[in-house]
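Please read the structure below before turning to the comments.
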Amino acid sequence: MSGDIAEEFWEKAKLEILVRPVCQSCGKSFFSPQVLCPSCQSNNWEYTESSGEGFVYSYTVIHRTPNSQFPSPLVVADIELDEGWRMFSWVTDALNKNIQINDRVKVAFTSFSGRKLPIFELQGESS
Ligand SMILES: [Zn+2]
């Protein structure tokens, strides 16, 4: 095994594709990438592309960010993706759009600190 197990995640992010580990034994998605599936301890998992769509499970507003690289205030959310996995990320323009729990979001990508970082944008009213 070479490199770290998150390498493919960042390689795909460069192409603006969001992926997550999907266990080939039990079928569950999980995050963050780790050697063993947290549900069944199998090491047989593969990165699979995500729709990048989900909703705000919870969020917090950070008014004092660690340094000026970060937008301020910064909204950090626990996003639940439609495939049933969760990741922490930023939600852009969240306060202007009056972010609420359960709001629909979709992945977007931003350049940050030399990497493409998956972040999320609030979607409009669902039709
Ligand atoms: Zn599993």
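So the sequence shown is numbered by numbering that gives the first Met the number 0: it starts at 0 and just counts up by one.
The beta carbon of each residue, even a glycine, is placed where N, CA and C say it ideally should be.
What does a CB cutoff of less than 7 Å around residue i pick up in its chain, not counting 5 residues either side in sequence?
i: residue 112; result: 68
i: residue 88; result: 76, 78, 117, 118 and 119
i: residue 101; result: 54 and 55
To the nearest angstrom, how far is it from the Cα of residue i to the Cα of residue j?
i: residue 44; j: residue 95; result: 39 Å
i: residue 18; j: residue 63; result: 30 Å
i: residue 39; j: residue 4; result: 18 Å
i: residue 73; j: residue 104; result: 16 Å
i: residue 36; j: residue 123; result: 34 Å
i: residue 98; j: residue 50; result: 21 Å
i: residue 106; j: residue 6; result: 19 Å
i: residue 13; j: residue 110; result: 9 Å
Between which residues of its own chain and residue i is the CB-CB distance below 6 Å, once the five residues before and five after are set aside?
i: residue 76; result: 55, 58 and 90
i: residue 25; result: 38 and 39
i: residue 22; result: 36, 41 and 44
i: residue 93; result: 74
Which whole-angstrom value is the C-beta distance of residue i and residue j, which I expect to be below 8 Å?
i: residue 46; j: residue 20; result: 6 Å
i: residue 79; j: residue 28; result: With 8 Å as the limit, residue 79 and residue 28 do not qualify as a contact, their Cβ atoms being about 11 Å apart.
i: residue 8; j: residue 84; result: Incorrect: roughly 12 Å between the Cβ atoms, too far for contact.
Note down, in chain order, each residue of its chain lying with its Cβ closer than 8 Å to the Cβ of residue i, except the 5 sequence neighbours on either side.
i: residue 15; result: 108 and 115
i: residue 11; result: 17, 18, 46 and 48
i: residue 34; result: 4 and 42
Next on the checklist: Quick check for students: name the residue ranges of the beta strand (DSSP E) that lie wholly in the region 99-123, counting only runs of 3 or more.
Outcome noted: Within the region 99-123, the runs of beta strand (DSSP E) that reach at least 3 residues and sit entirely inside it are, in chain order, 103-111 and 114-121.
Checklist entry - What are the start and end residues of each continuous beta strand (DSSP E) run of 3 or more residues lying completely inside the region 65-96, in chain order? => result Runs of the beta strand (DSSP E) inside the region 65-96: 73-80 and 85-91.
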